[in-house]
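J.: First to last, the protein sequences are chains A and B. Just so we're aligned, residue 237 is where the first sequence starts under the numbering used here, counting upward by one. Just so we're aligned, residue 41 is where the second sequence starts under the numbering used here, counting upward by one. All residues carry an ideal CB built from backbone N, CA and C; glycine is no exception.
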Amino acid sequence: PHFMIELPEKEDALCFNINDRPGTIFSLVTDPQSGILVNGQIIGDKKIPPDGKMNTYFWRFGIVHQTLGVRLEVNTRDISVFQDSKWVKLLWSDSASLKGLNVDLLVTKERSLMVTLKDSVKFVVLLHKVWEKHPYHRDYLGFYTLDSHLLSPAVHGLLGQFYHGIEYEVSELRPGEVPEKPDATMFVKGQQLNVTRGWQRDFRRDMKNGENVPCWFVHNNGTGLIDGDATDYVVSGLF
Amino acid sequence: STNEATVEVHSVTVDCTVTSRFARTVMTSVALNKANTSQEIFFEVELPKTAFITNFSMEIEGRVYVGDVKEKEKAKKQYEKAVSSGRTAGLVKASGRKMEKFSVSVNIAAKSNVTFILTHEELLQRKLGHYEILTRVKPKTRVQKFQIVVNIYEPQGILFVDAHATFLSNDLLPLVEKTVTDKKAHVSFSPTMEQQRKCPDCDGTLIDGDFIIKYDVNRAKSFGDIQIVNGYFVHFFAPPDLRRVPKNVVFVIDISGSMYGTKMTQTREAMLQIVKDLHEDDHFALIKFGSAIYTWRDSLSKATQENITEAINYVKDIDSEGMTNINDAVLRGVAMLIKDRKEKKLPERSVDIIILLTDGMPNVGESNTAKIQENVLSATGGKMSLFSLGFGNDVDYSFLDVLSKQNKGIARRIYEASDATLQLQGFYDEVASPLLLEVDLRYPDNAVEMLTTNHFSQLFNGSEIVVAGRLTDNDLDNFMVDVMGQGLEEDYKAQGQASPVKWTDIYPDEEYIFGDFTERLWAYLTIQQLLEKSKSGPADEKENATAKALDMALKYSFVTPLTSMVVTKPETEDGTDSPLIADKLTEEQRQQAERRGYHYMSASPPMYTPTYHSSPTYFVDGD
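1. Classify HIS455(A) as helix, strand or coil using the three-state DSSP reduction.
2. Return no unless some Cβ of chain A is closer than 8 Å to the Cβ of VAL54(B).
3. Run down chain A in chain order and give the residues with a C-beta less than 7 Å from the C-beta of SER655(B).
4. Note down the Cα distance separating THR626(B) from SER539(B), rounded to an integer number of angstroms.
5. Of all the options ASP436(B), VAL220(B), LYS151(B), which has the alpha carbon lying nearest to the alpha carbon of ILE454(B)?
6. With 16 as the cutoff for other CB atoms within 10 Å, does GLU2(B) come out buried or exposed?
7. If you follow the alpha helix (DSSP H) that SER418(B) is in, where does it begin and where does it stop?
8. What three-state label does DSSP hand ILE378(B) in the structure shown?
9. For MET354(A), which option in ASP465(A), ASP442(A), CYS251(A), GLY271(A) has the closest C-alpha, if you only look at C-alpha atoms?
10. So ALA420(A) is in the beta strand (DSSP E); what residue range does that whole segment cover?
11. Whose C-beta lies closer than 7 Å to the C-beta of THR344(A) among residues of the same chain, with five residues either side of it excluded?
12. Quick check: is the beta carbon of GLN378(A) nearer than 8 Å to any beta carbon in chain B?
13. Could you pull out every residue in the same chain whose Cβ sits closer than 6 Å to the Cβ of GLY405(B), ignoring the five residues on either side in sequence?
14. Applying a beta-carbon distance threshold of less than 9 Å, which residues of chain A neighbour GLY297(B)?
15. Leaving aside the five residues before and after THR77(B) along the sequence, list all residues of the same chain whose C-beta is less than 8 Å from its C-beta, in chain order.
16. Does DSSP classify PRO214(B) as helix, strand or coil?
17. Using the C-alpha atoms, what's the distance from LYS110(B) back to LYS133(B)?
18. Could you give the DSSP three-state label for THR187(B): helix, strand or coil?
19. Based on DSSP bridge pairs, tell me the residues matched to GLU405(A).
20. Between SER497(B) and ASP442(A), what straight-line distance do the alpha-carbon atoms span, to the nearest angstrom?
21. Chain A beta carbons: is any one of them nearer than 8 Å to that of ASP436(B)?
22. In chain A, which residues lie with their C-beta within 8 Å of the C-beta of THR626(B)?
23. Apart from the five residues on each side of it in sequence, which residues of its chain come closer than 6 Å, Cβ to Cβ, to PHE423(A)?
24. Which word fits LEU337(A), buried or exposed, when buried means at least 16 other C-beta atoms lie within 10 angstroms of its C-beta?
25. Could you say if the region 55-66 of chain B and the region 138-156 of chain B meet the contact criterion of at least three C-beta pairs nearer than 8 Å?
26. When the cut-off is 8 Å and only beta carbons count, does PHE659(B) lie next to chain A?
27. Pull up the distance between the alpha-carbon of ASP469(B) and that of GLU140(B), whole angstroms please.
28. Consider the Cβ of ILE261(A): report whether some Cβ of chain B lies at a distance smaller than 8 Å.
29. So which residues on chain A does THR302(B) lean against when the C-beta distance must stay under 7 Å?
30. Identify the contact partners of GLY400(B) in chain A, using a Cβ-Cβ distance below 7 Å as the criterion.
31. So, with DSSP's three-state summary, where would you put ALA451(B)?
32. If the criterion is Cβ atoms closer than 8 Å, does the pair LEU163(B) and LEU481(B) meet it?
33. How many Å lie between SER230(B) and SER152(B) at the Cα?
34. Considering only C-alpha positions, which residue in the set ARG237(B), PRO240(B), VAL190(B) is nearest to THR219(B)?
35. Determine whether the Cβ of MET67(B) lies closer than 8 Å to any Cβ atom of chain A.
36. Beta-carbon within less than 7 Å of ALA643(B)'s beta-carbon, same chain only, minus the 5 sequence neighbours each way: which residues are those?
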């Protein structure tokens, strides 16, 4: 999956990929103070595509708001919500909206799920439907944080650590391997990284093609940009 | 310009008249559509970014279409529909460091002529001891009549005139004609079609580049030179033979991560030269900052040979690290100057200067730019000059601009390029030699009104102070002028009497030229200063300044950042009529455009138009 940190004030964005063995579960957001947790599990292609590059995607997210007693599991097949001591199942094949005391859900048929957790966070899960008989690829999910300003300074995780901004400086633009993707040096978190100007896609507005967002790509699973390394974010269960 | 061989460019003429530093340039181009069908003809010219467009017209089939200067907001409103449907086109775009490009295209009927005329005006600024008239010419084909004519009228007398062009070959060089008499200079360049030819068998033109004229005038001693014409006066003050005032300069240098590499190397190179060039009477200090602040020494040092050698060694070792803590770095510089003054380590009669070089926005310590401006102003108490150099496009120029203006200084952009070292040194050279401090130019209250700024914190060597105003009495025979300032050893005082210039005596055959030049010079200067005031200072002053600048820009038909020129093209065959709007770009807009250009061009496939969202987004998705 590709991670994107958009910084509109700087008219800039940072991005990195994180790949691991299919089945690995990563911590995306964890805020011990508000009791919020978002974990995601990746899945691989059906088989190795001809280009030899095995892609991994998120196919399942577990979302918990301990204080509100809300628990959600979103996967490429359906959406399960636990609140008020009971589980409710929603299907991607139906448009639906669910307004609860602590959580609002809005499902747009075969497309997206918007989740608003009271006084804490708002996000969207996008469903990418792939042709069922596609020889290699399969359905996968995207996770977009829309509003995270109410989360505590202690928020962490692969996405969460960026919720309160990131300071970096880029210099020394120089030709890269591909002419339209120059390399540069990024200073971030006390380190000096080689980064590459590239672009990755935001699918919120155009589910099919996405919109390209130019970004500074940090190589090696975001090493240097993320705290620690990617394996530090591996967790044992979805909740 | 045209891509079709069926368009013949009959003439391209650039006619520039300079009267007492005020330049009016008229660029005219005549083209013929030789084809049997109508076609689009383009007119593209570049003008200095310091100039205001004042007029534009197109003559097509005997009809003249004239640009109309309107309040920017009203112009936008008037053409809101066209703007929202994307049918208007901005006519002015930034072009390089010094120029902006005006371009318009129009559909011309078969076998018809079109004449384009663009006029712009500016007050030439004296820098490093000369004025510069820059004309950029890029005709795409050879032109039947190509002509650049520049006439300079300087009643003070002309000291020298140099004319050169980036495209001048040995063959073209003799074609530059230059005639200089005591108070008038004439420069012309008019190659024939054949002389324009790039090579014997090709049709390309040699004429492509900058035509630059540099000149200076005889400097009047004591109170300067005053010219009174048609009820307006202008006072030029830059007396020769003044001794420089020692300066106490603190260099505050950004070494944050983004300076890594070329920028850091260029900064080191420039600083080495600047330190070597320090005058022995000067005192100096070096502060480098990333996240932390490092001082070379705790107080300023006299620029002795020994100290300079040690400073050079320090500069050689400057390397990048950390983030950008502008607030604490500048405040440290201010504190150092205040402390040294208090302890009488600095000459009493000397000027305190901070030169800040940064390439990024503050992101450590105080990062609220308004707060930094407030902190710095409060620390300096308006008693020292802060000059800011914004290196590259990642720093908000308007932040530095206001920061400097609030503290008797100016900001300058340093473009990331191979000559950045020279840009840095060049800026330093401009401010390196203060000649007078706190210069006051006074005129009798009952004789003048609507004065432009008449108090200046410094007069630098090679520059010039210009004050203009309106006379309340048109029949005034003379009036007294007082100039006061602080010089090296004693206060500078000069007094003089100004009389209206008799243009008929100086230029017996050409009096008609001078009609409204002084008034327009005054208007140009007033508008420029009002626009500056509209950026910094209390809110009500800003508002007042904006309103006044707008009024004057409309009255004198200047295309400024507050006004737009609306050009209505003739209707096309399908009956559509798309208005065009010529705006004046601000330095911030230029910088933003460059910033975007850099990000988009380097980052995106050619057809990509990026979408930025108003709030940050963090997401993860599939590739």
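T.: On the basis of the coordinates in this document:
1. Here HIS455(A) sits in helix by DSSP.
2. Not a single C-beta of chain A is nearer than 8 Å to the C-beta of VAL54(B).
3. Within chain A, the residues near SER655(B) are PRO244.
4. Taken atom to atom, the span from the alpha-carbon of THR626(B) to that of SER539(B) is near 38 Å.
5. Nearest neighbour of ILE454(B) by Cα position, chosen from ASP436(B), VAL220(B), LYS151(B), turns out to be ASP436(B).
6. The displayed coordinates of chain B run from 41 to 663. Any statement about residue 2(B) would go beyond what the structure contains.
7. Its alpha helix (DSSP H) spans residues 409-420.
8. Annotated three-state conformation of ILE378(B) is helix, per DSSP.
9. Per the sequence presented here, residue 354(A) reads as Lys, with Met not at that position. The alpha carbon of LYS354(A) has as its nearest neighbour, out of ASP465(A), ASP442(A), CYS251(A), GLY271(A), the alpha carbon of GLY271(A).
10. Boundaries of the beta strand (DSSP E) around ALA420(A): 417-424.
11. Counting only Cβ-Cβ distances below 7 Å, and skipping sequence neighbours, we find SER331.
12. One point to set straight first is that residue 378(A) is Gly, not Gln, in the sequence displayed. Closer than 8 Å to some Cβ of chain B, the Cβ of GLY378(A) qualifies, so yes.
13. Closer than 6 Å at Cβ, skipping near neighbours: ASN365, ASN367, ASP368.
14. The answer, in chain order, is TYR404, GLU405, VAL406, SER407, THR421, MET422, PHE423, VAL424, GLN428.
15. These residues qualify, in order along the chain: ALA150.
16. Three-state result, PRO214(B): helix.
17. Roughly 19 Å separates the two Cα atoms.
18. Per the sequence shown, residue 187(B) should be read as Gln rather than Thr. Here GLN187(B) sits in strand by DSSP.
19. Its beta-bridge partners are PHE423(A).
20. About 57 Å.
21. By this cut-off, ASP436(B) is not an interface position.
22. Those do not exist, as THR626(B) stays about 18 Å from chain A at its closest Cβ, beyond 8 Å.
23. GLU405, listed in sequence order.
24. That one is exposed.
25. Flag = no, the region 55-66 of chain B and the region 138-156 of chain B do not touch.
26. Taking CB atoms only, PHE659(B) has a neighbour in chain A less than 8 Å away.
27. ASP469(B) and GLU140(B) have their C-alpha atoms spaced approximately 26 Å apart.
28. When Cβ-Cβ separations below 8 Å define contact, ILE261(A) makes no contact with chain B.
29. Ordered by position in chain A, the residues that pass the 7 Å Cβ test against THR302(B) are GLU408.
30. Residues of chain A with a Cβ closer than 7 Å to the Cβ of GLY400(B) are, in chain order, GLU405.
31. Looking at ALA451(B) - three-state DSSP - the assignment turns out to be strand.
32. At a Cβ-Cβ threshold of 8 Å, LEU163(B) and LEU481(B) do not count as neighbours.
33. Rounded to the nearest angstrom, the two C-alpha atoms are 25 Å apart.
34. Restricting attention to ARG237(B), PRO240(B), VAL190(B), the CA atom closest to the CA of THR219(B) is found in VAL190(B).
35. Not one chain A Cβ lies under 8 Å of MET67(B).
36. Low per-residue confidence applies at ALA643(B): pLDDT is 36, beneath 50, and the placement is therefore not dependable enough to give any value.
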